[in-house]
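The structure appears right after this line, and notes come after that.
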Amino acid sequence: MHEVKTESTLSSAWSGGGSPFAMGSKKLGMWLFIVSDTLTFSALLVTYSYSRLTNPDWPRPFPIHPAIIFSTTMTVVLLASSLTMVMAVMAAQRNDRKKAVLWILATMVGGLLFTGLHLTEWFNMITKEHFTITGNPDGTPLFGAVFFGITGLHMTHVMIGVIYLGIVAVGYGRGKFSAEDVEVNGLYWHFVDLVWMFVFPLIYLMSVKY
Amino acid sequence: MDTHAHAEGSHAGASVGTNLAVWVGLVAITGLEVFLAYMELQPTVMLTVLVVLSVVKAGMIMSYFMHLKYEKFSLVLWLVPAMIFCICMMFIFFFPEAFRLLQMRPH
Chain W
1 MHEVKTESTL
11 SSAWSGGGSP
21 FAMGSKKLGM
31 WLFIVSDTLT
41 FSALLVTYSY
51 SRLTNPDWPR
61 PFPIHPAIIF
71 STTMTVVLLA
81 SSLTMVMAVM
91 AAQRNDRKKA
101 VLWILATMVG
111 GLLFTGLHLT
121 EWFNMITKEH
131 FTITGNPDGT
141 PLFGAVFFGI
151 TGLHMTHVMI
161 GVIYLGIVAV
171 GYGRGKFSAE
181 DVEVNGLYWH
191 FVDLVWMFVF
201 PLIYLMSVKY
Chain Z
211 MDTHAHAEGS
221 HAGASVGTNL
231 AVWVGLVAIT
241 GLEVFLAYME
251 LQPTVMLTVL
261 VVLSVVKAGM
271 IMSYFMHLKY
281 EKFSLVLWLV
291 PAMIFCICMM
301 FIFFFPEAFR
311 LLQMRPH
């Protein structure tokens with residue numbers, strides 16, 4: 001790993017040197033945010049898991065075709081946007097600003113596509129299948145609360161992430177932000193992807209209509 | 211942005227090939243999860259298998275995409291066990307109490 005002889009590396013990490021984890025404060029702050037947000041989503045998903053297992057009349061509104069195919073496409077889109085974010089961070093570390101901005105824009109397209117697909121799915125569920133946050137025709141009304149609650153909180157994270165990406169793309173393109181800012185932005189985006197890796201199987205694949 | 215934090219903030223991560231391989235792995239595990247959905251497993255079995263696969267995917271994303279594998283190990287020791295501990299506490303306290311209350315429910 002690239003070592004820079006600074007105050008942090010010259011003094012012992014365990015004696016509370018300038019930067020015990022050899023990273024800037026923004027990145028460390030983002031890691032702390034990610035840990036706290038992980039616990040928020042964990043609490044929601046644990047509550048969901050309990051509700052899912054203990055309710056025999058849990059609705060199964062997702063047939064393999066088209067609902068699961070559709071949500072799998074959303075998952076692949078989000079995963080692809082994570083890969084473009086990795087490319088953006090790598091370009092920023094090479095100080096290739098033009099390519100980094102292009103990769104960030106590609107990530108934003110992925111995020112917007114995901115949000116568009118998700119809103120389409122919500123629209124169809126609400127208008128055609130009559131699923132709302134307080135009730136549905138297929139079973140326990142709890143389903144609407146957990147489905148719209150968890151996926152809605154995740155979609156909010158995606159939309160905030162797209163705005164964050166836009167701000168970083170402009171700032172980094174103009175030379176106001178550094179490669180570290182792009183990397184911190186990347187941490188947030190990968191976290192949004194990581195949360196979906198739990199939401200997709202637990203919410204969608206646990207409620208498949210056969 | 212000072213140069214001190216900039217130098218510290220930039221870590222050499224995995225190569226493009228490695229990241230691509232991780233991405234293909236993530237898509238493949240997602241495919242496996244969708245395949246399992248066809249098999250009509252018991253909800254408890256299905257939930258357990260899906261959580262295990264999701265934890266594997268989360269580990270891949272954190273290690274490679276989020277560069278945790280390339281950070282100082284003390285950071286991993288600081289963040290990950292605390293997070294796992296909190297999540298385990300949710301399971302340890304929440305589930306037994308919740309199932310106990312469920313059994314006490316009037317039928």
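From first to last, the protein sequence lines stand for chains W and Z. The first sequence maps to residues 1 to 210 in our numbering. The second sequence maps to residues 211 to 317 in our numbering. Yeah, the Cβ is synthetic: ideal placement off N, Cα and C, and Gly gets one too.
- Of all residues in the stretch 278-299 of chain Z, only Tyr-280, Glu-281, Lys-282, Ser-284, Leu-285, Trp-288, Leu-289, Ala-292, Met-293, Cys-296, Ile-297 come within less than 8 Å of chain W when Cβ atoms are compared, listed by chain position.
- Judged by DSSP secondary structure, His-277/Z falls outside any alpha helix (DSSP H); it is assigned neither H nor E.
- In the three-state DSSP reduction, Lys-209/W falls in the strand class (E or B).
- Between the alpha carbons of Leu-83/W and Glu-121/W lies a gap of roughly 24 Å.
- Think of a sphere of 8 Å around the beta carbon of Met-206/W: the chain Z residues whose beta carbon falls inside it are Pro-253, Met-256, Leu-257, Leu-260, in chain order.
- Restricted to the stretch 6-93 of chain W, the alpha helix (DSSP H) segments that are unbroken, complete and at least 4 residues in length are 7-10, 25-54, 69-93, listed in chain order.
- In this chain, the alpha helix (DSSP H) harbouring Ser-264/Z covers 253-270.
- Rounded to the nearest whole angstrom, the C-alpha separation of Met-270/Z and Gly-139/W is 36 Å.
- Chain Z places a beta carbon closer than 8 Å to that of Pro-20/W, counting this residue as a contact.
- Of the residues assessed, Gly-175/W falls on the exposed side of the cut-off, its CB having fewer than 16 other CB atoms within 10 angstroms.
- In the DSSP annotation of this structure, the continuous segment of the alpha helix (DSSP H) that includes Met-197/W starts and ends at 179-199.
- Taking a contact to require three or more Cβ pairs closer than 8 Å, the stretch 150-170 of chain W and the stretch 93-106 of chain W qualify as touching.
- Here Met-155/W has Thr-115, His-118 as same chain residues with Cβ atoms under 7 Å from its own Cβ, once five neighbours each way along the sequence are excluded.
- Classified as exposed, Tyr-280/Z has fewer than 16 neighbouring CB atoms from the shown chains inside 10 Å of its CB.
- With respect to Trp-189/W, Met-85/W sits close: the two C-beta atoms are nearer than 8 Å.
- In the assembly as shown, Glu-250/Z is an exposed residue. Its beta-carbon has fewer than 16 other beta-carbons within 10 Å.
- Of Met-299/Z, Ile-294/Z, Leu-289/Z, the smallest CA-CA separation from Phe-33/W is found for Leu-289/Z.
- Listed along chain Z, the residues sitting closer than 8 Å to Ser-42/W by beta-carbon distance are Cys-296, Ile-297, Met-300.
- No Cβ of chain W is located within less than 8 Å of the beta carbon of Leu-242/Z.
- About 7 Å separates the CB atoms of Ser-207/W and Pro-59/W; that is less than 8 Å, so the two are in contact.
- Per the coordinates, the alpha-carbon of Gly-241/Z lies some 21 Å from the alpha-carbon of Thr-151/W.
- Between Ala-247/Z and Leu-205/W a beta carbon distance of about 4 Å is seen, short of the 8 Å cut, so the two are scored as contacting.
- If you check the CB distance, Ser-284/Z and Pro-137/W do not come in under 8 Å.
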